[in-house]
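Under this note's numbering, the first residue of the sequence shown is numbered 8, with each subsequent residue one higher.
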Amino acid sequence: MSDNLQKHDGANARAMDRQLVEGLRHGLERNYSRIFATARREWERRFGGRPDPSDACVSVRISSYALQ
């Protein structure tokens with residue numbers, strides 16, 4: 008009987024651990040979504056309708072030459 012009780016308690020502990028992990032994951036996803044939405048609104052407020060300012064920070068030069 009003791010073995011069955013220990014197995015049952017172990018199963019309950021694993022179920023509680025899974026619920027805890029799922030709750031934490033849900034909380035992280037919700038916070039990430041909120042941060043992402045806030046960042047998007049802030050970006051639009053600052054740069055909406057104008058070219059992306061990070062594009063001005065990059066220049067690319069392409070040249071070709073013959074390999075010998």
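We treat Cβ as the ideally placed atom computed from N, Cα and C, and that holds for glycine.
The structure displayed is predicted, hence computed values, not measured ones.
Residue i by DSSP, collapsed to three states: which one?
i: G17; result: helix
i: D59; result: coil
i: R41; result: helix
i: A73; result: coil
i: V28; result: helix
i: R52; result: helix
i: R47; result: helix
Ignore the nearest five residues each way along the sequence and tell me which others in residue i's own chain have a CB closer than 7 Å to its CB.
i: F54; result: P60
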